[in-house]
Amino acid sequence: MPQDTTAPAVPTFARVSAVERTEPDHVGAADAAAVGFTAELHPDWTIGGKPNGGYLLAILGRAATTVGTHAHVLAASAHYLHSPEPGPVQVTVEVLRAGRTASQLRARMAQDGRPCVEALLTATDLVPTEPYWDAATPDPGTTPYADAVRIPGTSPTGVRVAIMDQVEVRLDAETLDFAAGRPRGHGELRGWLSLPDGEAFDPVSLLYAVDAFPPATFDIAPSGWVPTLELTAYVRALPAPGPLRVLHRAHLVDGQRVDEACWLWDSRGRVVAHGVQLAGIRLG
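Numbering of the sequence shown is given in this note's numbering, commencing with residue 7 and proceeding in unit increments.
Structure representation (structure tokens):
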């Protein structure tokens, strides 16, 4: 009997970031105003066995838009307190203010009673618009998607990056010198990002996308884990279908900390999100 050699389907982002609402009495008296959820952190959405920070923020964003009166995350700022393990987590969401055009919410993630991520979010209802002024946005680059090089599931330093086998992160060839041990010293990576099976991006998955690229510091010097301490994301437009063009840039490395900025353009060439983060790093 012939063997089935068909590769197992990669789960969609919507599936691995899904949340399930719990009964009200599962939240606890101390959080009477909060709504509780459970989620399952997927083991393949990890870096060195730890879930990606943008992935965790997206789960909080999905829960927040389920609770609030507005459908889309506009802004989110997360502080990472403890890195959870793959598996079940508990999420609570509290509406701080419900306005006519925007709402503010607080979302928390915990695992086995230990706080992991705390975030403040602003939600709204995004509608199609055209930029009034965008002259200060950076140049998105011109390398076609097909000419960019896909990043494998192991980093240049030997760290297992399972998430790279789920999504497609493609880097411009000119930014890949770090993989051969020759970082340019620019602190900048450019390329493309697509979700499994071409799944369309939405405002929730954009929260992941601003943290999807390898550390821009790889273009400065090799390092180990670069853990995110704080991540802020701004969603500026509903993305058109297709992969995202990405610019990921480091600004300052000092005191074993680095701040990085990430810009995302959709298939129309429109800025749809950008994010900034502060991360820990050890170089030299």
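Cβ atoms here follow ideal geometry from the backbone N, Cα and C, with glycine treated the same way.
The alpha helix (DSSP H) enclosing residue i, as first and last residue numbers
{"i": "Ser83", "result": "Unbroken run through Ser83 is the beta strand (DSSP E), 78-86; no alpha helix (DSSP H)."}
{"i": "Ala64", "result": "59-73"}
{"i": "Phe19", "result": "19-22"}
Paired residues, beta bridge with residue i - DSSP
{"i": "Met115", "result": "Val97, Val123"}
{"i": "Tyr240", "result": "Ala81, His280"}
{"i": "Ser89", "result": "In DSSP, Ser89 forms no bridge with anything."}
{"i": "Glu104", "result": "Strictly speaking, residue 104 in this sequence is Ala, with Glu absent from that position. According to DSSP, which records beta bridges pairwise, Ala104 is partnered with Ser109."}
{"i": "Thr148", "result": "None; Thr148 has no bridge partner."}
{"i": "Val155", "result": "Leu177"}
{"i": "Glu194", "result": "Arg255"}
{"i": "Val25", "result": "Ala45"}
{"i": "Thr160", "result": "Arg166"}
{"i": "Thr135", "result": "Partner(s): none; Thr135 has no beta bridge."}
Assigned secondary structure, residue i (DSSP; H/G/I helix, E/B strand, else coil)
{"i": "Ala142", "result": "coil"}
{"i": "Thr130", "result": "strand"}
{"i": "Asp178", "result": "coil"}
{"i": "Asp31", "result": "Summary for Asp31: the model assigns pLDDT 47, below 50, so the residue's position carries little reliability; its value from the coordinates is reported in the next sentence. Helix, per DSSP."}
{"i": "Ile169", "result": "helix"}
{"i": "Ala45", "result": "strand"}
{"i": "Thr223", "result": "helix"}
{"i": "Ala36", "result": "With a pLDDT of only 48 at Ala36, under the threshold of 50, the placement of this residue in the model should not be trusted, and no figure is reported."}
{"i": "Arg274", "result": "coil"}
N-terminal and C-terminal residue of the beta strand (DSSP E) that residue i is part of
{"i": "Leu284", "result": "277-286"}
{"i": "Leu289", "result": "First-last for Leu289: undefined, no H or E at that position."}
{"i": "Val210", "result": "Careful: Val210 lies outside any beta strand (DSSP E), inside the alpha helix (DSSP H) at 209-215."}
{"i": "Leu201", "result": "Unbroken run through Leu201: none, as it is neither H nor E."}
{"i": "Cys271", "result": "The sequence as given places Trp at residue 271; Cys does not occur at that position. Element bounds for Trp271: 263-271."}
{"i": "Ala256", "result": "250-260"}
Short CB-CB distance (under 8 Å) between residue i and chain D
{"i": "Thr44", "result": "Absence of chain D from the displayed structure is noted, only one protein chain being present."}
Can at least three beta-carbon pairs, one atom from the segment 249-263 and one from the segment 96-116, be found at a separation below 8 Å? With a cut-off of 8 Å on Cβ pairs, the segment 249-263 is not in contact with the segment 96-116, counting fewer than three such pairs.
Using a Cβ distance threshold of 8 Å, determine whether the segment 179-194 contacts the segment 52-72, with at least three qualifying pairs required. Of all C-beta pairs linking the segment 179-194 to the segment 52-72, fewer than three are shorter than 8 Å, placing the two stretches out of contact.
Taking 8 Å as the threshold, find out whether the segment 76-85 comes into contact with the segment 121-139 through three or more Cβ pairs. Output reads yes: the segment 121-139 touches the segment 76-85.
Counting Cβ pairs closer than 8 Å, one from the segment 223-234 and one from the segment 168-180, do we hit at least three? No, the segment 223-234 is not in contact with the segment 168-180.
Three or more C-beta pairs closer than 8 Å, one from the segment 137-146 and one from the segment 270-280: is that the case here? Enough Cβ pairs lie closer than 8 Å, so yes.
Whether or not the segment 103-117 and the segment 65-75 are in contact is what I'm after, with contact meaning three or more pairs of Cβ atoms, one per stretch, closer than 8 Å; do they touch? Result yes; three or more Cβ-Cβ pairs closer than 8 Å.
Meets three-Cβ-pair contact criterion under 8 Å: the segment 280-287 and the segment 236-245: Inter-segment contact for the segment 280-287 and the segment 236-245 is present: three or more beta-carbon pairs are separated by less than 8 Å.
Evaluate contact between the segment 37-46 and the segment 218-230, counting only Cβ atoms and requiring at least three cross-stretch pairs below 8 Å. Contact between the segment 37-46 and the segment 218-230 is absent, because fewer than three Cβ pairs lie under 8 Å.
Do three or more CB pairs link the segment 134-143 to the segment 111-125 at distances below 8 Å? As far as the Cβ criterion goes, the segment 134-143 does not touch the segment 111-125, which means the pair count is below three.
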